[in-house]
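Trainee: Reminder that position 59 of the sequence shown reads as 58 in numbering that gives the first Met the number 0, one-by-one numbering, no gaps.
Glycine is no exception: its CB is placed at the ideal position from the N, C-alpha and C atoms.
Once you've had a glance at the structure underneath, I'll fire off some questions.
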Amino acid sequence: MATHISDLDTPALIVDIDKLKFNIQDMADFAAANGIQLRPHAKTHKTPEVGRLQLEAGAVGVTVAKLSEAEVFIDSGCDEVLVAYPLVGAAKHRRLVELCRRARITTVVDHTDIAAALSRTMSANGLELPVMVEVDTGLERCGVPPLEPARELAHNIARLPGLQFAGLLTHEGHAQLAGAPDAVRSTGLSAGQMMAETAELIRESGLEVPIISVGLTATAKITATVDGVTETRPGIYVFYDRSEVLHQVVTPDRCAARILATVATRPTADRIILDSGTKALTSDRAGVAPPVTGHGYVIDHPDWEITSLSEEHGATTIPAEDPVAIGERVQIIPNHICPVINLFDSMTIVQGESVIDEWAVAARGKSQ
């Protein structure tokens with residue numbers, strides 16, 4: 000294993016251990032200070048070592064998107080997993096049953112047909128599955144509308160054998176498209192208030208709501224402060240990325256994960272090619288409004304812009320007078336770190352300029 004960043008081949012995914020640990024502890028401290036549970040979304044890092052750091056800092060479990068991710072984290076010793084995605088079909092139900100026998104699994108539904116199918120599977124196997132109602136607070140992805148539709152589904156779940164109504168869940172991802180930081184804040188607060196009002200309506204109808212769960216890094220320290228919210232599920236916060244910098248959530252120095260890239264050539268005075276294209280940076284632009292230009296932030300080079308990506312090439316516009324030479328190394332903060340992590344087999348852990356470890360991205364490609 001290389002011992003210094005200069006020994007690494009590129010492109011490489013590098014993670015600063017001190018920044019990583021600081022970010023993890025910072026969010027854990029926020030959750031503890033506000034009396035809420037932290038159940039971070041592990042789809043961002045996909046790495047058991049990072050999950051263990053989160054659990055050691057006080058997280059009550061991890062959130063995943065897919066059962067294959069859940070399998071990785073359960074295999075690594077995590078015994079509390081929320082699968083925040085509708086589980087539909089016999090193949091997924093078979094895997095779910097096996098996981099329920101190994102760990103405490105909670106999942107989400109937004110339709111009575113999904114709940115009924117889960118009920119049949121759980122009852123047939125003598126199991127009880129905690130289920131949360133997913134509420135659409137504005138993203139218009141999964142989720143039932145707040146208030147009465149959510150109340151009705153909660154009661155339907157509570158009546159079904161093999162299921163236990165566990166609470167309400169939302170992903171307020173639309174907040175990051177709201178625009179200016181004040182608009183992001185108000186959108187996050189609105190989502191939290193919708194969840195609290197929905198929970199109160201359900202309680203008034205005679206059903207307890209154990210958990211009110213919200214989740215988005217950009218609003219993690221906003222939505223979770225709404226009275227009644229009991230849990231937050233941020234994911235990106237462990238690393239942060241350019242989108243969170245643009246949202247003014249953090250400054251670039253808090254970004255723990257970077258892509259180490261090499262200047263492969265300089266075809267013209269004002270254009271270089273980095274050896275990092277869509278297979279290292281993804282074509283995903285930061286989720287902000289208005290849409291951001293460029294495909295990442297090149298550290299120490301604010302006047303550079305990664306203007307286009309192909310599979311292995313990052314075409315970058317630079318000032319013609321810039322003295323950068325072919326073979327020089329740069330570090331890039333990606334626009335959106337989640338899909339970037341999924342492109343690498345491992346992450347190189349660094350402290351300063353020293354390489355101290357290599358962690359497998361064990362849940363890479365786990366999309367089933």
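Thr-169: which of Ala-361, Leu-52, Leu-138, Met-121 sits nearest, CA to CA?
Mentor: It is Leu-138.
Trainee: Reducing DSSP to helix, strand and coil, say where Tyr-236 ends up.
Mentor: Correct three-state label for Tyr-236: helix.
Trainee: Buried or exposed: where does His-44 fall if 16 or more other Cβ atoms within 10 Å of its Cβ makes it buried?
Mentor: So His-44 ends up on the buried side.
Trainee: Tell me, to the nearest whole angstrom, how far the beta carbon of Thr-105 is from that of Asp-274; I am working on the premise that it is less than 8 Å.
Mentor: Actually they are not in contact, since the Cβ atoms of Thr-105 and Asp-274 sit about 42 Å apart, beyond 8 Å.
Trainee: Around the C-beta of Gln-53, are 16 or more other C-beta atoms found within 10 angstroms, so that it is buried, or is it exposed?
Mentor: The residue is buried, with at least 16 neighbouring Cβ atoms inside 10 Å.
Trainee: Check whether the Cβ atoms of Ile-258 and Ile-4 lie closer than 9 Å to each other.
Mentor: Against a cut-off of 9 Å, the Cβ pair of Ile-4 and Ile-258 comes out as no contact.
Trainee: With a cut-off of 8 Å on the beta carbons, I'd call Val-132 and Leu-167 a contact; round off their distance for me.
Mentor: Confirmed, Cβ separation roughly 5 Å.
Trainee: Count the C-beta pairs between the region 191-207 and the region 288-299 that are closer than 8 Å, then say yes if the count reaches three, no if not.
Mentor: Flag = no, the region 191-207 and the region 288-299 do not touch.
Trainee: Measure from the alpha carbon of Met-121 to the alpha carbon of each residue in Asp-109, Val-225, Leu-159, then state which is nearest.
Mentor: Residue Leu-159 is the option with its Cα nearest to Met-121.
Trainee: Just the C-alpha distance for Thr-315 and Glu-304, rounded to the nearest angstrom, thanks.
Mentor: Approximately 5 Å, taken between the alpha carbons.
Trainee: For Ser-67 versus Lys-365, is the C-beta spacing smaller than 9 Å?
Mentor: In contact: Ser-67 and Lys-365 (Cβ atoms closer than 9 Å).
Trainee: Please name the residue or residues paired with Ile-340 in a DSSP beta bridge.
Mentor: DSSP output for Ile-340 lists no bridge partner at all.
Trainee: By DSSP, does Met-131 sit in helix, in strand, or in coil?
Mentor: If DSSP states are grouped into helix, strand and coil, Met-131 belongs with the strands.
Trainee: Does DSSP put Ile-325 in a helix, in a strand, or in coil?
Mentor: DSSP places Ile-325 in coil when its eight states are reduced to three.
Trainee: Reducing DSSP to helix, strand and coil, say where Thr-385 ends up.
Mentor: Because the chain spans 0 through 367 in this model, residue 385 falls outside it and cannot be assessed.
Trainee: Sorted by chain position, which residues of the same chain lie with C-beta nearer than 8 Å to Glu-310's C-beta, five sequence neighbours on each side aside?
Mentor: If we look at Glu-310 and ignore the five residues flanking it on each side, its Cβ neighbours are Gly-276, Thr-277, Lys-278.
Trainee: When the Cα of Gly-88 is compared with those of Ser-75, Asp-6, Arg-119, Cys-77, which residue comes out closest?
Mentor: Out of Ser-75, Asp-6, Arg-119, Cys-77, Arg-119 has the C-alpha closest to the C-alpha of Gly-88.
Trainee: Leaving aside the five residues before and after Ala-359 along the sequence, list all residues of the same chain whose C-beta is less than 6 Å from its C-beta, in chain order.
Mentor: Hits under 6 Å: Ser-345.
Trainee: Can you give the Cα-Cα distance for Ile-23 and Thr-46, rounded to whole angstroms?
Mentor: Roughly 14 Å between the two C-alpha positions.
Trainee: In three-state terms, what does DSSP make of Gly-60?
Mentor: Residue state, collapsed to three classes: coil.
Trainee: Distance check for Ile-325 and Asp-252, CA to CA, integer angstroms please.
Mentor: If I take the Cα positions, the gap works out to 26 Å.
Trainee: Three-state secondary structure (DSSP) at Met-346?
Mentor: DSSP places Met-346 in strand when its eight states are reduced to three.
Trainee: Out of Gln-367, Glu-327, Glu-171, which has the shortest C-alpha to C-alpha gap to Asp-6?
Mentor: Nearest option by C-alpha distance: Glu-327.
Trainee: Which partner residues does Glu-79 have in the DSSP bridge list?
Mentor: Its beta-bridge partners are Arg-103.
Trainee: I'd like the ranges of any alpha helix (DSSP H) spanning at least 4 consecutive residues and lying wholly in the region 269-318.
Mentor: Listed in chain order, they are 277-280.
Trainee: Using a Cβ-based criterion (distance less than 8 Å to any ligand heavy atom), does Val-132 qualify as near the ligand MN?
Mentor: In the structure on display, the ligand MN does not appear, and there are no ligands present to speak of.
Trainee: Assuming Gly-57 and Leu-37 make a contact with CB atoms under 8 Å, what is their CB distance in whole Å?
Mentor: With a Cβ gap of about 6 Å, Gly-57 and Leu-37 count as contacting.
Trainee: If His-374 sits next to Ala-223, beta carbons under 8 Å apart, how far is it from one beta carbon to the other, in whole angstroms?
Mentor: Only positions 0 to 367 of the chain appear in the structure, and residue 374 is not among them; the question remains open.
Trainee: Express the C-alpha separation of Ala-83 and Ile-372 in angstroms, rounding to a whole number.
Mentor: With the chain represented from 0 up to 367, any question about residue 372 goes unanswered, as that position is not in the structure.
Trainee: For Ser-366, which three-state DSSP category applies?
Mentor: In this structure, Ser-366 counts as coil in the three-state DSSP scheme.
Trainee: Measuring alpha carbon to alpha carbon, tell me which residue in Ala-32, Leu-162, Glu-207, Ala-319 is nearest Glu-127.
Mentor: The shortest Cα separation from Glu-127 among Ala-32, Leu-162, Glu-207, Ala-319 belongs to Leu-162.
Trainee: Rounded to the nearest angstrom, what separates Leu-338 and Glu-320 at their Cα positions?
Mentor: The question names Leu, but residue 338 is Pro in the sequence shown. Each residue's Cα considered, the two are about 34 Å apart.
Trainee: With which residues is Phe-164 paired in a DSSP beta bridge?
Mentor: DSSP output for Phe-164 lists Val-130 as bridge partner(s).
Trainee: Taking Cβ to Cβ, would you say Ala-255 is nearer than 9 Å to Val-329?
Mentor: Taking 9 Å as the Cβ cut-off, Ala-255 and Val-329 do not qualify as a contacting pair.
Trainee: Would you say Asp-181 and Val-143 are within 9 Å of each other, going by their C-beta atoms?
Mentor: Cβ atoms of Asp-181 and Val-143: not closer than 9 Å.
Trainee: By alpha-carbon positions, which one of Ala-190, Arg-202, Gln-175, Leu-117 ends up nearest to Glu-151?
Mentor: The residue with the shortest Cα to Cα distance from Glu-151 is Arg-202.
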